[in-house]
Amino acid sequence: MSDTAAPPYPSPRTEGHPLDPPPVLGRLRERAPVSRVTLFDGSQAWLVTRHAEARQALRDDRLSVDSRTPGFPFLSAAQTEIRDMPPTFPRMDPPDHSVFRRLLAPEFTIKRMEALRPLVESDVADMLDRLEAAGPPGDLSAILTLPLASLVICRLLGIPYEDAELFQTRAAVMTDQTATPEQVRTARMDMLGYLQQLLAHKAEEPADDLLSRMVAQEDEAAGVSRRDLVGVAMILMFGGHETTAHSIDLGVLALMENRDQWELLRERPELIPGAVEEVLRHQTILETGLPRIARADLTLGGVAIKSGEGVLVSLVAANRDESAYPDPDRLDVTRPVTANRHLGFGFGVHQCLGQPLARIEMQVTLAALLHRFPDLRLFKEPKELDFRGQMAVYGPTSLPVTW
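Residue numbering for the sequence shown follows the UniProt record's numbering, beginning at 1 and increasing consecutively.
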């Protein structure tokens with residue numbers, strides 16, 4: 001394929017509605033579900049846009065997540081900062097990845113996460129009290145979604161909530177595609193330094209929290225070093241607040257834009273769990289997709305991919321694939337959740353560990369908003385809002401609402 005047929009990637013959402021995927025993704029999916037794209041530095045990688053091929057790629061162990069591998073497809077200069085750093089567990093291949101997956105999986109079982117639901121319900125109620133007192137209008141993102149996600153993950157990990165702002169500001173830099181490598185490195189080192197001190201404290205004075213239990217399993221001989229655990233803690237903190245908050249924001253926006261679906265949930269609240277799954281499909285927050293590097297020759301969607309070539313899996317495009325979902329651009333809270341499960345949390349051995357907790361936070365928040373603010377509506381049109389268009393995690397920078 002010629003260079004002219006390899007469009008730039010990531011694709012900006014400059015056309016159409018801010019809740020719609022970049023149109024080029026749909027065109028690529030229709031024309032060639034595995035096709036070349038051009039990255040920021042002029043290099044090329046294969047972009048996967050169809051649901052079937054996305055699932056195939058994400059479970060193929062010939063596609064590595066190790067960003068130290070030559071040819072790994074970085075999406076910005078900022079991302080290259082991690083190239084030579086020891087990988088955290090999301091960037092490890094099995095069997096190294098499996099060590100940390102086994103360590104963490106018992107902490108995120110559905111049963112353990114469901115035990116947190118009453119606390120989340122209480123947190124949401126308190127924050128909605130503040131929203132009601134502050135408005136209307138009020139910023140749902142600033143008063144509810146980001147504070148909620150931060151509070152829940154801080155409590156789970158055993159991190160003082162008053163320190164959450166440190167993570168919020170550093171995470172914003174680390175996901176900004178326009179940041180310089182130096183800015184990303186500084187933000188990363190700030191977070192790692194804080195967590196090194198915190199884990200040292202947990203080792204000396206353990207408490208009933210995830211980080212204390214994690215440090216208790218430190219074992220250099222088994223491949224679980226303190227450095228590794230600090231990296232795991234950073235990933236959990238980042239993933240636990242940034243992604244969940246924006247998933248809720250985008251879900252509320254999508255329901256406000258599809259008022260019939262909001263009204264249906266008011267009438268039939270039993271649909272809320274399925275509605276959360278539909279929101280995760282329809283409004284996929286991982287804007288830039290999941291990068292991989294081929295460590296052997298393989299064929300994907302009829303395309304020959306050579307060892308050493310980069311592959312990018314677009315979850316946004318795969319979740320809007322009409323071959324997997326009838327009328328995929330329509331938000332339908334009655335859509336069956338068992339057929340062709342969405343890829344909002346990824347797929348395969350690297351899929352999101354914290355998805356049971358994210359689902360609970362989204363379900364509780366949506367149920368509470370429908371009950372407390374049944375006439376909730378946007379204070380500004382979506383096109384008037386600022387979106388994180390240059391960020392790895394998509395979402396509005398604020399969400400003003402009224403009632």
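No residue lacks a Cβ here, since even glycine has one placed at the ideal position from N, Cα and C.
Would you list the one or two residues that DSSP bridges to THR402?
ARG377
DSSP beta-bridge partners of ILE305
LEU298
Going by DSSP, what residues sit across from PRO8 in a beta bridge?
THR38
If you scan the segment 80 to 157 from start to end, which runs of the alpha helix (DSSP H) of 4 or more residues do you find wholly inside it?
96 to 104, 110 to 114, 117 to 134, 146 to 157
Paired residues, beta bridge with VAL313 - DSSP
DSSP lists VAL48, LEU290 as partners of VAL313.
Same chain, Cβ closer than 7 Å to THR49, five either side skipped, listed in chain order:
LEU25, LEU28, ARG29, PRO33, SER314, ALA317, ALA318
Decide if ASP249 is buried, meaning its Cβ has at least 16 other Cβ atoms within 10 Å, or exposed.
buried
If you follow the alpha helix (DSSP H) that PRO356 is part of, which residue opens it and which one closes it?
Residues 355 to 372.
Do you know offhand how far SER76's Cα is from LEU385's?
24 Å
Taking Cβ positions only, does LEU146 come closer than 8 Å to chain D?
Protein chains in the displayed structure number just one, and chain D is not present.
With DSSP collapsed to three states, give me the class of PHE387.
In the structure shown, PHE387 sits in a strand (DSSP, three-state: E or B).
Buried or exposed for ASP139, please, with buried defined as at least 16 other CB atoms from any protein chain shown within 10 angstroms of its CB.
Around the Cβ of ASP139, a 10 Å sphere holds 16 or more other Cβ atoms; the residue is buried.
Going by beta carbon distance, what residues of the same chain come within less than 6 Å of THR365, once the five residues before and after it are set aside?
Taken in chain order, the residues that qualify are VAL124, ILE248.
If you count every other CB in all the chains shown that lies within 10 Å of the CB of ASP321, and 16 or more means buried, which is it?
Classification for ASP321: buried.
Grouping DSSP H, G and I as helix and E and B as strand, with all else coil, what is PRO396?
strand
Which of helix, strand or coil does DSSP assign to SER2?
Because the pLDDT at SER2 is just 40, under 50, the model does not fix this residue reliably, and the value given afterwards should be weighed accordingly. If DSSP states are grouped into helix, strand and coil, SER2 belongs with coil.
Member of SER212, LEU199, MET234 whose CA lies at the smallest distance from the CA of ALA187:
With distances taken between Cα atoms, ALA187 lies closest to MET234.
By DSSP's criteria, SER64 is part of a beta bridge. Which residues make up the other side?
The partner list for SER64 (beta bridge, DSSP) reads ILE293.
For a test of the three-state rule: what should DSSP assign to VAL337, helix, strand or coil?
coil
Determine, using beta carbons only, whether ALA78 and GLN177 come nearer to each other than 8 Å.
yes
Helix, strand or coil at ASP190 [DSSP, three-state]:
helix
Use the C-beta contact count for THR288: other C-beta atoms within 10 angstroms, 16 or more gives buried, fewer gives exposed.
Buried.
So ILE305 and LEU298 are in contact, right, with Cβ under 8 Å, and what is the actual spacing, rounded?
Rounded, the Cβ-Cβ distance is 5 Å, consistent with contact.
Once DSSP output is grouped into helix, strand and coil, what is the label at ASP219?
strand
Do ASP382 and LEU253 have their CB atoms nearer than 8 Å?
Reading off the sequence, residue 382 comes out as Pro, not Asp. Taking 8 Å as the Cβ cut-off, PRO382 and LEU253 qualify as a contacting pair.
In terms of DSSP beta bridges, what is VAL224 paired with?
ASP219
Alpha helix (DSSP H) segment containing ARG29, residue limits
For ARG29, the enclosing alpha helix (DSSP H) starts and ends at 23 to 31.
Would you call SER2 buried or exposed, if buried means 16 or more other Cβ atoms sit within 10 Å of its Cβ?
Residue placement at SER2 is poorly supported in this model, since its pLDDT is 40, which falls under 50; the coordinates still yield a value, given next. Classification of SER2: exposed, given that the 10 Å Cβ count is below 16.
For a quick check, are the C-beta atoms of GLY354 and GLY251 less than 8 Å apart?
no
Should GLY71 and GLU309 be called a contact, given that it needs their Cβ atoms to be closer than 8 Å?
yes
Start and end of the alpha helix (DSSP H) containing HIS246?
244 to 257
Quick one: measure Cβ to Cβ for TYR394 and HIS282, integer angstroms, because I've assumed they're closer than 8 Å.
Not really, about 12 Å apart at Cβ, beyond 8 Å.
How about ASP61 and PRO94: do their beta carbons lie closer than 8 Å?
yes
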